[in-house]
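Residue numbers (the working numbering): 323 to 717.
The C-beta atom is built at its ideal place from N, Cα and C for all residues, glycine as well.
The structure displayed is predicted, hence computed values, not measured ones.
What follows is a set of notes on a single structure, which appears directly below.
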């Protein structure tokens, strides 16, 4: 352990702190601008692990183009750039072949229509591949499948069946699955790390670590997500609206957790927000419910932040509501809140009382609605996806 080594460690610690402070300041400036309704001049940003985005404001270039409402229009009304079909009726038989034709740093939507079929391939949309749109024939008809997993030697990050890093990624009517099974532990179905990502009417099936929302602003609407442990995880600014979240049967002695949010800085922008979602279980889980309890989430990182609001929570969720990660890790520093939920699992009487558990007022919870949280009116609305900017009128 040399003096040089100590200096190097000190350098990286200082760099990390400076980067964290800069990101926090940038996020706060954007939040203030959004509240004042002043056009933003601060360029879009990446979280740690990504480079700065082009300095072009908070709205993707293409939303002012004539081609809007992409996720609303039927495929026949869209200008499709590539067609994928297993039966040879398209230009390509594999999704990856179609993506190879996307121009680098593409500034307009590049629409790939994937006809019904089961596509056994691992799809990667790298950072340079921007504004890619994948549209299928239905989440149970167009299915992308893979089975990479941690037990067989693949790092969790690289197990994803679909991995999207490019900004402006959109997907509609597609199913994505990782079929490795519960015994293979971490096995990601989809990993999303690109800013301004919108996923609509998709289905993500897996067991542990199904959906990895890494970073950036992400909006999921009318999607189905299934899994066992930490099956919605990451540190993106991720809003799940009107999604169907289903707990599956885990391995013996395993507890289930819907979320594992990974915010590592106290003022980081990341959060997992479930709004008007349905949280229930598949029938086989009910057979082991007493031995394998299920929770809304647990803290993957010390400042883990998750808000479950205006959602239906079935009785499959433990009365405690939330689970520790390990011992007392993060229990005082996390930010977990429930607001306006319904269903047998929404009962608050038996909930854990950690210091990090919050009770939010209507005014406070509004900060976690899509328009305020990540300026969704500016970039989600133009896609045509159904979207509620604020609190919903739910019974």
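Worksheet entry | Classification of residue 440 by the beta-carbon crowding that lies within 10 angstroms, buried from 16 upward | Residue 440 comes out exposed.
Item to complete: Could you tell me the distance, in whole angstroms, from the CA atom of residue 708 to the CA atom of residue 543?
Response: Each residue's Cα considered, the two are about 7 Å apart.
Worksheet entry | Pair within 8 Å by beta-carbon distance, residue 498 and residue 526 | For residue 498 and residue 526, yes; Cβs fall inside 8 Å.
Worksheet item: Going along the chain, which residues of its own chain have a beta-carbon closer than 6 Å to the beta-carbon of residue 515, five neighbours each way excluded?
Response: For residue 515, where only same-chain residues beyond five positions count, the Cβ hits under 6 Å are 487, 536 and 537.
Item to complete: With a threshold of 16 other CB atoms inside 10 Å of the CB of residue 510, please say whether the residue is buried or exposed.
Response: Residue environment: residue 510 is assigned as buried (16 or more neighbouring CB atoms within 10 Å of its CB, all protein chains considered).
Fill in: Cβ-Cβ distance between residue 636 and residue 603 below 8 Å
Less than 8 Å divides the Cβ of residue 636 from the Cβ of residue 603.
Practice prompt. Reducing DSSP to helix, strand and coil, say where residue 443 ends up.
Written response: Of the three classes helix, strand and coil, the one that applies to residue 443 here is coil, per DSSP.
Practice prompt. Note down the Cα distance separating residue 442 from residue 414, rounded to an integer number of angstroms.
Written response: Roughly 14 Å separates the two Cα atoms.
Practice prompt. With DSSP as the reference, label residue 358 as helix, strand or coil.
Written response: Because residue 358 sits at a pLDDT of 38, beneath the cut-off of 50, its placement in the model cannot be relied upon, and the following sentence gives the value as read from the coordinates. Residue 358 falls in the helix class under three-state DSSP.
Item to complete: Check whether the segment 451-461 touches the segment 420-437, counting contact only when three or more Cβ pairs, one atom from each stretch, lie closer than 8 Å.
Response: The segment 451-461 vs the segment 420-437: in contact.
Fill in: Supposed contact pair residue 614 and residue 563 - C-beta distance, whole angstroms, cut 8 Å
So it is not a contact: roughly 28 Å between Cβ atoms.
Worksheet item: Is the segment 621-633 close to the segment 654-674, with three or more CB pairs under 8 Å?
Response: These segments touch.
Worksheet item: In its own chain, which residues sit with a C-beta less than 6 Å from the C-beta of residue 405, not counting the 5 before and 5 after it?
Response: Counting only Cβ-Cβ distances below 6 Å, and skipping sequence neighbours, we find 412, 413 and 435.
Worksheet entry | Cα-Cα separation between residue 620 and residue 710, rounded to whole angstroms | Spanning the alpha carbons of residue 620 and residue 710 requires a straight line of approximately 27 Å.
Fill in: Extent of the continuous alpha helix (DSSP H) run through residue 699
From DSSP, the alpha helix (DSSP H) with residue 699 extends over 698-701.
Discussion item. Suppose contacts are defined by Cβ-Cβ distances below 8 Å. Is residue 504 in contact with residue 529 by that definition?
Written reply: With respect to the 8 Å criterion, residue 504 and residue 529 are classified as neighbours on the basis of their beta carbons.
Worksheet item: Who are the Cβ neighbours of residue 715 in its own chain at under 6 Å, not counting the five residues just before and after it?
Response: Excluding sequence neighbours, residue 715 sits near nothing in its chain.
Item to complete: Measure the CB-CB distance between residue 658 and residue 691 and report whether it falls below 8 Å.
Response: In terms of Cβ geometry, residue 658 and residue 691 do not form a close pair [threshold 8 Å].
Worksheet item: For residue 574, which of 558, 587, 567 and 609 has the nearest alpha-carbon?
Response: Nearest C-alpha to residue 574: 609.
Item to complete: Can you say whether residue 677 is buried or exposed, counting buried as having 16 or more other CB atoms within 10 angstroms of its CB?
Response: Around the C-beta of residue 677, fewer than 16 other C-beta atoms lie within 10 Å, and the residue is accordingly described as exposed.
Discussion item. Comparing C-alpha positions only, which one of 420, 646, 587 and 485 sits nearest to residue 625?
Written reply: Ranked by Cα distance from residue 625, the options 420, 646, 587 and 485 are led by 587.
Worksheet entry | Between the CA atoms of residue 475 and residue 463 - distance to the nearest angstrom | So the two alpha carbons sit approximately 30 Å from each other.
Discussion item. Can you tell me whether residue 591 is buried or exposed? The criterion is at least 16 other CB atoms within 10 Å of its CB, across all chains shown.
Written reply: Classification for residue 591: buried.
Item to complete: Rounded to whole angstroms, what's the CA-CA distance from residue 421 to residue 642? Just pull it up for me.
Response: Cα-Cα distance, rounded: 45 Å.
Worksheet item: So, is the C-beta of residue 709 closer than 8 Å to a C-beta in chain C?
Response: Looking for chain C here will not work: only one protein chain is present.
Worksheet item: Alpha carbon to alpha carbon, what distance is there between residue 452 and residue 701?
Response: Linking residue 701 to residue 452 through their CA atoms gives a straight-line distance of about 15 Å.
Discussion item. Looking at residue 298: is its Cβ nearer than 8 Å to the Cβ of residue 594?
Written reply: As displayed, the chain neither begins before 323 nor continues past 717, which places residue 298 out of reach and without an answer.
Discussion item. On the DSSP bridge list, what partners appear for residue 423?
Written reply: DSSP lists no partner for residue 423.
Worksheet entry | Residues of its chain near residue 472, where Cβ-Cβ distance is below 8 Å and the 5 sequence neighbours each way are ignored | Within the same chain, 478, 481, 506, 507, 508 and 509 come within 8 Å of residue 472 by CB-CB distance, once the 5 residues on both sides are set aside.
Worksheet item: Between 395, 532 and 557, which lies nearest to residue 569 when the distance is taken from Cα to Cα?
Response: Put simply, of 395, 532 and 557 the residue whose alpha carbon is nearest the alpha carbon of residue 569 is 532.
Item to complete: Count the other CB atoms, across all protein chains shown, that sit within 10 Å of the CB of residue 549; report buried if there are 16 or more and exposed otherwise.
Response: Classification of residue 549: buried, given that the 10 Å Cβ count is 16 or more.
Worksheet item: When the distance is taken between beta carbons, is residue 706 closer than 8 Å to residue 394?
Response: Contact: yes.
Item to complete: Ignore the nearest five residues each way along the sequence and tell me which others in residue 584's own chain have a CB closer than 6 Å to its CB.
Response: Excluding residues within five positions, the ones whose Cβ falls inside 6 Å are 556, 557, 622 and 623.
Worksheet item: Can you tell me where the alpha helix (DSSP H) with residue 685 in it begins and where it stops?
Response: Counting along the chain, the alpha helix (DSSP H) containing residue 685 begins and ends at 684-688.
Worksheet item: In chain order, what residues of the same chain lie with their CB nearer than 7 Å to the CB of residue 501, ignoring the 5 residues before and after it?
Response: Sequence-distant partners of residue 501 (beyond 5 residues in either direction) whose C-beta falls short of 7 Å from its own C-beta, in its chain, are 467 and 469.
Item to complete: Just confirm the distance between the C-beta atoms of residue 545 and residue 578, as a whole number of angstroms; I'd bet it's less than 8 Å.
Response: Residue 545 to residue 578, Cβ: 19 Å. No contact.
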